[in-house]
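*Asks:* 1 is the number of the first residue of the sequence shown in the UniProt record's numbering; add one for each residue after it.
Cβ atoms here follow ideal geometry from the backbone N, Cα and C, with glycine treated the same way.
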Amino acid sequence: MGAGFTGLNAARKLAKSGVKVALIEAEHVGYGASGRNGGHLNSGHFASFGAAKAHFGGAKARRFWRSYDDSIDMIEAIIAEEGIDCSFRRGGKLKLASKPSHVKGLQAMYEELRREVDPSVEWLSRGDVRNELGSEAFHGAVLSPKSAMMHMGQYANGMANAAARHGATIWEHNPVQSCIRVSDGWRITSPTGSLAARRVILATDAYTTENFDYYRRRMMPIASFIVVTRPLTSEEVAATLPGNRNYTNSLNIANYFRLTPDNRLLFGGRAKFSAASNQKTDVRSGELLRKQMLDVFPQLADVEIDYCWGGLVGCTQDRYPRAGTADGLIYGMGYSGHGAQLSTLIGSVLADIAMGRTDTNPIGGMDWNAVPLHTGKPWFLPMVGTYYRLKDMLP
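(1) For the candidate residues ALA351, ARG12, ASN369, whose alpha-carbon lies nearest to that of ARG199?
(2) Let me know the secondary structure DSSP gives TYR387 once reduced to three states.
(3) What is the DSSP secondary structure of TRP309, counted as helix, strand or coil?
(4) Mind checking who TYR247 pairs with in its DSSP beta bridge?
(5) Ignore the nearest five residues each way along the sequence and tell me which others in GLY337's own chain have a CB closer than 6 Å to its CB.
(6) State buried or exposed for ARG322, treating a residue as buried only when at least 16 other CB atoms are found within 10 Å of its CB.
(7) If we define contact as Cβ-Cβ less than 8 Å, is ARG62 a contact residue for chain C?
(8) Could you give the distance in angstroms between the alpha-carbon of ALA52 and the alpha-carbon of ALA61?
(9) Look up GLY7 in the DSSP assignment and say whether it is helix, strand or coil.
(10) Only counting the same chain, and skipping five residues up and downstream in sequence, which positions put a Cβ closer than 7 Å to that of TYR155?
(11) Comparing C-alpha positions only, which one of MET159, ASN369, ASP184 sits nearest to LYS13?
(12) Sort out for me which residues DSSP pairs GLU122 with in a bridge.
(13) May I ask you to verify whether the region 213 to 222 touches the region 57 to 72, counting CB pairs closer than 8 Å and requiring at least 3?
(14) Buried or exposed: which applies to HIS173, given that a residue is buried once 16 or more other Cβ atoms fall within 10 Å of its Cβ?
(15) The alpha helix (DSSP H) spanning SER234 covers which residue range?
(16) Work out the CA separation of ARG357 and ILE75 for me, nearest whole Å.
(17) Which value, in whole angstroms, describes the spacing of the CA atoms of PHE257 and THR209?
(18) Keeping to the same chain, check which residues put their C-beta closer than 7 Å to that of SER250; ignore five residues upstream and five downstream.
(19) For the beta strand (DSSP E) holding THR169, just list the boundary residues, first then last.
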């Protein structure tokens, strides 16, 4: 259930293996975060490797960290195998120091990454950063050269076409009304009927419904928003993002941005810390994002915004994703805003679990406790947002 990248690749792999597959989607293919994100496929987790090492231990932390690169490699291979036209490109990513006080921490992160898990990363001084983007807002950066970018909607549609071509049946506009365990598996009902399944994969992330309360209580759906400018002229590109990479800053409530293939600036972030994304919140958040964009690139003050949208990401309490089995279901979710790069690999892992193989899961065996006082509606998010905004205001 769920036709985002996780569900689509699980369906594709199972169908290629000769398994009869029905993929059920409440809306349309790529409706959720898979079709709404900023197009970044970035190496590694958002936290430092040291934090992952403290959480997992050294060997598992390395496997977990490298799984992000493995997933990008898998995406690149699938695109070639299935002939998906989605503007995939490896341009690298800069993690930018937003404040002078952040430089020391990012330098430590860079040194740790080179020593422990990724010798390809580089440190860029403030002068180096000025050659990458036309902004005085940053004080240094970590460059991860293996990171990539692509058009997420085209990738989702291409994956759906591939899954169907290999034999999977995709049922769009079919919200699951019930999923009941029976003697030989599961009985799933939707507005168009019911079906029997021996195994069920749940890949709904932030869009998980009340039918699956176990999972809803372990994730917080948080809204993220994006604005996209009109196409920039070649002169505007040269003055704004000559490096043409993925970029993200080091604030707690971070911004991320890149150029699209037609030279639009895509600029995103959690402008409003809430579990809502609708036309009203998208407009207000778009206005705030435009202000944040101009704080970084004041030279774009006269450049129009052509598009604005929002969507939800499923955040776990510790912001590490989860995949495995629970309540008899196979699941992969909780990507915490970093699922674009990892979810394809997790889809493959879930297909393996469905076929009886359990050794390919880089995040298996992790405890997953419910968020305290969370009953499915995260009433506490505005307070969390206020806390992080106050932290970002400190020097």
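*Replies:* On the basis of the coordinates in this document:
(1) ALA351
(2) Only weak support is given to the placement of TYR387: the predicted model assigns it a pLDDT of 42, under 50, and the question is left unresolved by the model.
(3) strand
(4) LEU94, PHE257
(5) VAL313
(6) buried
(7) Reference to chain C is not applicable here, since this structure consists of a single protein chain.
(8) 5 Å
(9) helix
(10) ILE84, CYS86
(11) MET159
(12) LEU143
(13) no
(14) exposed
(15) 234 to 240
(16) 21 Å
(17) 30 Å
(18) LYS95, LEU96, ALA97, SER98, HIS102, LEU106
(19) 169 to 171
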